[in-house]
Amino acid sequence: FGFARVVRLKDALPSQPRKEYPTKSRKVVDGVERGEELLPREMAVQVAKGRKAKQLKRKAVEGGTAKALKVRRCDLVDIEVTEEEVDAVFNELLLSKKTPSPYFDGWIVPLFETEDDLYEVVESPHFADDLMFRRRLCVFRDLWRRGYYLTNGFKFGCDYLLYENKPSLVHSKFMVKCVDASSCIRPLDMAVLSRLSSQVNKLILFAIVSSDSPFPYYLQCSWWN
Numbered sequence: 188f189g190f191a192r193v194v195r196l197k198d199a200l201p202s203q204p205r206k207e208y209p210t211k212s213r214k215v216v217d218g219v220e221r222g223e224e225l226l227p228r229e230m231a232v233q234v235a236k237g238r239k240a241k242q243l244k245r246k247a248v249e250g251g252t253a254k255a256l257k258v259r260r261c262d263l264v265d266i267e268v269t270e271e272e273v274d275a276v277f278n279e280l281l282l283s284k285k286t287p288s289p290y291f292d293g294w295i296v297p298l299f300e301t302e303d304d305l306y307e308v309v310e311s312p313h314f315a316d317d318l319m320f321r322r323r324l325c326v327f328r329d330l331w332r333r334g335y336y337l338t339n340g341f342k343f344g345c346d347y348l349l350y351e352n353k354p355s356l357v358h359s360k361f362m363v364k365c366v367d368a369s370s371c372i373r374p375l376d377m378a379v380l381s382r383l384s385s386q387v388n389k390l391i392l393f394a395i396v397s398s399d400s401p402f403p404y405y406l407q408c409s410w411w412n
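Taking the working numbering, the leading residue of the sequence shown gets 188, the next gets one more, and so forth.
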């Protein structure tokens, strides 16, 4: 009581008013907003020199390799560019910064808020009541009481991955498969599970749950021929 509560997002989120946040005022000076980061003039000069050096190398070495056409910092020392070339590069860089990428039109980045009125408290959380959930819950409780750590084993074709220590310290040793005591396992399923366990270097642990007992019993096996 009082340790935690279960909440969920309300269904009518789009109709709720969005909270407005204050924005900083911006002043426009020489066509550039003060709030934006100004592009340094030196960057435009370096880009213009690099492009000119690349053109000169391509004319001097026709059909050269990429290594021969590579522009180094020392190649820019004797390169001279005009103010028109620098202005063109500067405007290009400024335009590329202001213009968003066309890929952004196909993506919507959701903004999440943590206001309390966006969530509702679930007084009685719904839990599955089928037999499969009961088997998994019974096995989880029993192995947890024995001191083992368990994680979801869906990617490995089982119910749980069992760790003898914290998952951040060791690898899982067992692939736990929850089985009903009155059911049977097909030979093909057994062969698939055995081959998979051998590939990931783990052992199979069948947790057999009976309908008249809250405690499962276990059957360990490795490669099955």
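Glycine is no exception: its CB is placed at the ideal position from the N, C-alpha and C atoms.
For residue i, which residues from the same chain have a beta carbon less than 7 angstroms from its beta carbon, with the 5 sequence-adjacent residues on both sides left out?
{"i": "V216", "result": "At V216, the pLDDT of 36 sits below 50, so the modelled position is not reliable; the number obtained from the coordinates is stated separately. Counting only Cβ-Cβ distances below 7 angstroms, and skipping sequence neighbours, we find nothing."}
{"i": "R322", "result": "C365, D367 and V396"}
{"i": "L406", "result": "F393 and I395"}
{"i": "C345", "result": "M362, V363 and K364"}
{"i": "G340", "result": "D346, Y347, L348, M362 and V363"}
{"i": "V387", "result": "F343"}
Cutting at 8 angstroms between CB atoms, please list the residues of its own chain near residue i, excluding the five before and the five after it.
{"i": "V248", "result": "A255 and L256"}
{"i": "P209", "result": "No answer about P209 holds up, because its pLDDT of 49 lies below 50 and its placement is not dependable."}
{"i": "V194", "result": "Y306, E307, V308 and V309"}
{"i": "M230", "result": "L280"}
{"i": "F320", "result": "F314"}
{"i": "G218", "result": "Here the model assigns G218 a pLDDT of 37, short of 50, so the residue's position is not dependable, and the following value carries that caveat. The answer is none, since no qualifying residue turns up."}
{"i": "G237", "result": "V258 and L263"}
{"i": "E224", "result": "Low per-residue confidence applies at E224: pLDDT is 45, beneath 50, and the placement is therefore not dependable, though the value from the model is reported in the following sentence. Once the five neighbours on either side are set aside, E224 has no close Cβ partner at all."}
So, using beta-carbon positions, are residue i and residue j closer together than 9 angstroms?
{"i": "Y336", "j": "K353", "result": "yes"}
{"i": "A235", "j": "V264", "result": "no"}
{"i": "V326", "j": "Y347", "result": "yes"}
{"i": "I360", "j": "K342", "result": "One point to set straight first is that residue 360 is Lys, not Ile, in the sequence displayed. Going by C-beta atoms, K360 is not nearer than 9 angstroms to K342."}
{"i": "S400", "j": "S369", "result": "no"}
Where does the unbroken beta strand (DSSP E) through residue i begin, and where does it stop?
{"i": "K389", "result": "That residue, K389, is in no beta strand (DSSP E); it is neither H nor E in DSSP."}
{"i": "D367", "result": "F361 to D367"}
{"i": "T252", "result": "Neither: T252 is in no beta strand (DSSP E) and is coded neither H nor E."}
{"i": "N339", "result": "Y336 to N339"}
{"i": "R373", "result": "Run containing R373: none; DSSP gives neither H nor E here."}
{"i": "L196", "result": "V194 to L196"}
{"i": "E310", "result": "Per DSSP, E310 belongs to no beta strand (DSSP E) and is neither H nor E."}
{"i": "C408", "result": "Y404 to C408"}
{"i": "L348", "result": "Y347 to Y350"}
Give the range of the alpha helix (DSSP H) segment to which residue i is assigned.
{"i": "C325", "result": "L318 to R332"}
{"i": "L243", "result": "R228 to A247"}
Please work out which residues of its chain come closer than 6 angstroms, Cβ to Cβ, to residue i, disregarding the five sequence neighbours upstream and downstream, and give them in chain order.
{"i": "S384", "result": "M362 and I391"}
{"i": "D304", "result": "none"}
{"i": "D262", "result": "A240"}
Please check the pair residue i and residue j, which I expect to be a contact at CB under 8 angstroms, by giving their CB distance rounded to whole angstroms.
{"i": "V258", "j": "V232", "result": "Incorrect: roughly 14 angstroms between the Cβ atoms, too far for contact."}
{"i": "K241", "j": "I266", "result": "Not confirmed; about 10 angstroms, so no contact."}
{"i": "D317", "j": "P403", "result": "Wrong, their Cβ atoms sit about 17 angstroms apart, outside the cutoff."}
{"i": "F277", "j": "R228", "result": "7 angstroms"}
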